[in-house]
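Asks:
Dropping the structure here:
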């Protein structure tokens, strides 16, 4: 395929994803109808579904985008930094950051009751889990991590706190007092200093 | 008011709450229509809304029930025990435990965008926060709690993990490996033992 064409396809895909993210954030998963997706992306349904099989695939591609972006931060700075970033500016490229996080919560019923949807979702979030686990293993090798708790337990712990933070922000609950909480979370996975 | 009448009112109120909980769990907040609430409670809309001003009030009464029941466990055994109970049997009196937790997530958009709804919700969850804080203060007095982190920070930390757990269970994600994570959470708020 000639390069210009691939560039064009990539740009079109990006245009669809950006519009769809804003649309899901604004109307929720159910409320993001095909007509609204057309309006938000500026493209016809034909063009949209040429790139993505269906609405579910579009939504999951956005979840994958999130997971990749977070995994990138995790690799360099760890999962607690992802949480600090969420706290500072939940989603830099969205107009109403918490809205997109809320849409992620709204699909919980679907995730619970639709095994195929859940497995596609899990596939995407696995990248974040893997990145977190790798980071923790490196930190352990460097002597920064506590070694009395299994790395898988520490990984699940950090992910559980992240889920709590996403839920908290999506509900619009006050978050200005959470910095010291994240300090505590970070300290809980580090090597213990000698204390009395 | 004669006693028999008050007993009758209490029983009727309980009947409505139990039916409504099952209805919200099954259909979600939006899907729990007045007709479905009538079917689930076995009562007419007149009877239901004689006891509760509107659907929102009914939903918030259920959230308050949860908060009171959890606050009771917190007072005796702490918030980590609430999480252990959720893990063991997310909601003993519901047919599909995670469904009710999911309905709590589904209102996140409403919580975020409707200040009155959020403030009525916050009023109810404050009881759980207060119970947690009181329990932690007693534990600190008894010398069981770490004293290098503010009690408010420890309270927020435990509540954030609880939010994560609710979200995790509501999404139907695997939870059989979370017991050691809760051990870590519990240990993180306790007085540090001397370690190397």
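Chains as they are written, first to last, in UniProt numbering: chain L, 1 to 196; chain U, 1 to 196.
Backbone N, C-alpha and C define an ideal beta-carbon position, used for all residues, glycine too.
1. DSSP three-state call for residue 93 of chain U: helix, strand or coil?
2. Helix, strand or coil for residue 53 of chain U, going by three-state DSSP, please let me know.
3. Tell me whether residue 10 of chain U sits in a helix, a strand or coil according to DSSP, three-state version.
4. May I ask you to verify whether the segment 120-133 of chain L touches the segment 128-142 of chain U, counting CB pairs closer than 8 Å and requiring at least 3?
5. Should residue 162 of chain U be labelled buried (16 or more other beta-carbon atoms within 10 Å of its own) or exposed?
6. Kindly indicate which three-state DSSP category residue 196 of chain L falls into: helix, strand or coil?
7. Using Cβ-Cβ distances below 8 Å, what residues of the segment 161-178 of chain U are close to chain L?
8. Under 6 Å Cβ to Cβ from residue 13 of chain U, same chain only, skipping five residues before and after it: list those, please.
9. Hey, could you find the ends of the alpha helix (DSSP H) residue 84 of chain L is sitting in?
10. Do residue 69 of chain U and residue 144 of chain U have their beta-carbon atoms positioned less than 8 Å apart in this structure?
11. Do the segment 33-40 of chain U and the segment 79-86 of chain U touch if we need at least three Cβ pairs shorter than 8 Å?
12. What would DSSP say about residue 190 of chain U, mapped onto helix, strand or coil?
13. Hey, how far is the Cα of residue 101 of chain U from the Cα of residue 54 of chain U?
14. Just verifying my parser: in three-state terms, what is the DSSP assignment at residue 211 of chain U?
15. If the cut is a Cβ gap below 8 Å, which residues of chain U does residue 157 of chain L touch?
16. Give every residue of the same chain whose Cβ lies closer than 6 Å to the Cβ of residue 24 of chain U, excluding the five residues on either side of it in the sequence, and list them in chain order.
17. Name the two residues that bound the continuous alpha helix (DSSP H) containing residue 164 of chain U.
18. Which residue marks the beginning of the alpha helix (DSSP H) containing residue 34 of chain L, and which one marks its end?
19. How far does the alpha helix (DSSP H) with residue 122 of chain L in it extend, from its first residue to its last?
20. Compute the beta-carbon to beta-carbon distance between residue 132 of chain L and residue 74 of chain L, rounded to the nearest angstrom, for a pair I have assumed lies under 8 Å.
21. Can you tell which of U:171, U:88, U:6, U:83 has the C-alpha that lies nearest to the C-alpha of residue 98 of chain U?
22. Against chain L, does residue 106 of chain U count as a neighbour if the rule is that its beta carbon must be under 8 Å from one of theirs?
23. In chain U, which residues lie less than 7 Å from residue 102 of chain L when you measure between Cβ atoms?
24. According to DSSP, is residue 178 of chain L part of a helix, a strand, or is it coil?
25. In the segment 136-151 of chain U, which residues sit with their C-beta less than 9 Å from some C-beta in chain L, listed in chain order?
26. Is there at least one Cβ from chain U nearer than 8 Å to residue 118 of chain L's Cβ?
27. Based on DSSP bridge pairs, tell me the residues matched to residue 145 of chain U.
28. Around the C-beta of residue 112 of chain L, are 16 or more other C-beta atoms found within 10 angstroms, so that it is buried, or is it exposed?
29. Ordered along the chain, which non-local residues of its own chain (more than five positions away) have a Cβ less than 6 Å from that of residue 67 of chain L?
30. Ordered along the chain, which non-local residues of its own chain (more than five positions away) have a Cβ less than 6 Å from that of residue 166 of chain U?
31. When we look at the beta-carbon of residue 28 of chain U and count the other beta-carbons within 10 Å, is it buried (16 or more) or exposed?
32. Identify the contact partners of residue 82 of chain L in chain U, using a Cβ-Cβ distance below 7 Å as the criterion.
33. Check the C-beta distance from residue 151 of chain U over to residue 160 of chain U and give it rounded, since I have them as a contact under 8 Å.
34. On the premise that residue 65 of chain L lies in contact with residue 9 of chain L, defined as a C-beta separation below 8 Å, what is that separation, rounded to the nearest angstrom?
35. Would you say residue 32 of chain L lies against chain U (beta-carbon separation less than 8 Å)?
Replies: Taking the definition as stated:
1. On the second chain, position 93 is the one that residue 93 of chain U refers to. Bear in mind that a pLDDT of 48 at residue 93 of chain U, under 50, signals an unreliable position, so the model cannot answer this.
2. Looking up residue 53 of chain U in the second chain gives position 53. Three-state DSSP puts residue 53 of chain U in coil, outside helix and strand.
3. By 1-based counting over the second chain, the position of residue 10 of chain U is 10. Residue 10 of chain U carries a helical assignment under DSSP once its states are collapsed to helix, strand and coil.
4. Touching, no.
5. Indexing the second chain from 1 puts residue 162 of chain U at position 162. Residue environment: residue 162 of chain U is assigned as buried (16 or more neighbouring CB atoms within 10 Å of its CB, all protein chains considered).
6. Within the first chain, residue 196 of chain L is the residue found at index 196, counting from 1. The pLDDT assigned to residue 196 of chain L is 42, lower than 50, so where the model puts this residue is not dependable; a value taken from the coordinates is nonetheless given after this. Under the three-state reduction of DSSP output, residue 196 of chain L falls in the coil class, being neither helix nor strand.
7. Per Cβ criterion, the list reads 161, 162, 163, 164, 165, 166, 167, 168, 170, 171, 172, 173, 177, 178.
8. Position 13 of the second chain, counted from the start, is the residue given in the question as residue 13 of chain U. Cβ within range, chain order: 51.
9. Sequence index remark: in the first chain, residue 84 of chain L carries index 84 (1-based). Annotation: the continuous alpha helix (DSSP H) that includes residue 84 of chain L extends over 79-88.
10. Reading the second chain from its first residue, position 144 is the one you call residue 144 of chain U. Reading the second chain from its first residue, position 69 is the one you call residue 69 of chain U. Not a contact, by the Cβ cut-off of 8 Å.
11. With the rule of 3 Cβ pairs closer than 8 Å, the segment 33-40 of chain U does not count as touching the segment 79-86 of chain U.
12. Translated into the one-based positions of the second chain, residue 190 of chain U becomes position 190. Residue state, collapsed to three classes: strand.
13. As a first step, residue 101 of chain U is located in the second chain; it is residue number 101 there, counting from the start. As a first step, residue 54 of chain U is located in the second chain; it is residue number 54 there, counting from the start. Rounded to whole angstroms, residue 101 of chain U and residue 54 of chain U show a C-alpha spacing of 21 Å.
14. Given that chain U is displayed from residue 1 to residue 196, the structure contains no residue 211 of chain U and the question cannot be resolved.
15. As a first step, residue 157 of chain L must be located in the first chain, where it is residue number 157. Against chain U, a Cβ distance below 8 Å from residue 157 of chain L picks out 181, 184, 185.
16. For this step, residue 24 of chain U is matched to residue 24 along the second chain. Beyond the five residues adjoining it in sequence on each side, residue 24 of chain U comes within less than 6 Å, by CB distance, of 32, 103 in the same chain, given in chain order.
17. Numbered from its first residue, the second chain carries residue 164 of chain U at position 164. Bounds of the alpha helix (DSSP H) holding residue 164 of chain U are 151-170.
18. Taking the first residue of the first chain as 1, we reach residue 34 of chain L at position 34. Here the alpha helix (DSSP H) through residue 34 of chain L covers 34-41.
19. Residue 122 of chain L sits at position 122 when you count from the first residue of the first chain. From DSSP, the alpha helix (DSSP H) with residue 122 of chain L extends over 115-141.
20. By one-based count along the first chain, residue 132 of chain L stands at place 132. By one-based count along the first chain, residue 74 of chain L stands at place 74. With 8 Å as the limit, residue 132 of chain L and residue 74 of chain L qualify as a contact, their Cβ atoms being about 5 Å apart.
21. Position 98 of the second chain holds residue 98 of chain U. Closest option to residue 98 of chain U, judged by alpha-carbon separation, among U:171, U:88, U:6, U:83: U:171.
22. The residue labelled residue 106 of chain U in the question sits at position 106 within the second chain. It does; some Cβ of chain L falls within 8 Å.
23. As a first step, residue 102 of chain L is located in the first chain; it is residue number 102 there, counting from the start. Under a criterion of Cβ atoms nearer than 7 Å, the residues of chain U adjacent to residue 102 of chain L are, in order, 108, 109, 112.
24. Locating residue 178 of chain L in the first chain gives position 178, counting from the first residue. Reduced to three states, the DSSP call for residue 178 of chain L is coil.
25. Sequence-ordered contacts of the segment 136-151 of chain U with chain L read 146, 148, 149, 150 [C-beta pairs closer than 9 Å].
26. If you number the first chain from 1, residue 118 of chain L lands on position 118. So, interface residue.
27. For the purposes of this step, residue 145 of chain U is taken as the residue at position 145 of the second chain. For residue 145 of chain U, the pairing in a beta bridge is given by DSSP as U:190.
28. For the purposes of this step, residue 112 of chain L is taken as residue 112 along the first chain, with counting starting at 1. Taking all protein chains in view, the Cβ of residue 112 of chain L is crowded by 16 or more other Cβ atoms within 10 Å, so the residue is classified as buried.
29. Here residue 67 of chain L corresponds to residue number 67 of the first chain, with the count starting at 1. Same-chain partners within the cutoff: 124, 125, 127, 128.
30. Reading the second chain from its first residue, position 166 is the one you call residue 166 of chain U. Within the same chain, and ignoring the five residues on either side of residue 166 of chain U in sequence, the residues whose Cβ sits closer than 6 Å to its Cβ are 101.
31. Within the second chain, numbered from 1, the residue matching residue 28 of chain U stands at position 28. With 16 or more other Cβ atoms within 10 Å, it is buried.
32. What you label residue 82 of chain L is simply residue 82 of the first chain in a count that begins at 1. Contact note: residue 82 of chain L does not reach chain U at a C-beta cutoff of 7 Å; the least C-beta distance is about 14 Å.
33. In the second chain, residue 151 of chain U corresponds to position 151, counting from 1. In the second chain, residue 160 of chain U corresponds to position 160, counting from 1. Not really, about 15 Å apart at Cβ, beyond 8 Å.
34. Taking the first chain and counting its residues from 1, one reaches residue 9 of chain L at position 9. Taking the first chain and counting its residues from 1, one reaches residue 65 of chain L at position 65. Not quite, the Cβ-Cβ distance comes to about 16 Å (not below 8 Å), so this is no contact.
35. By 1-based counting over the first chain, the position of residue 32 of chain L is 32. False, the Cβ-Cβ gap to chain U never drops below 8 Å.
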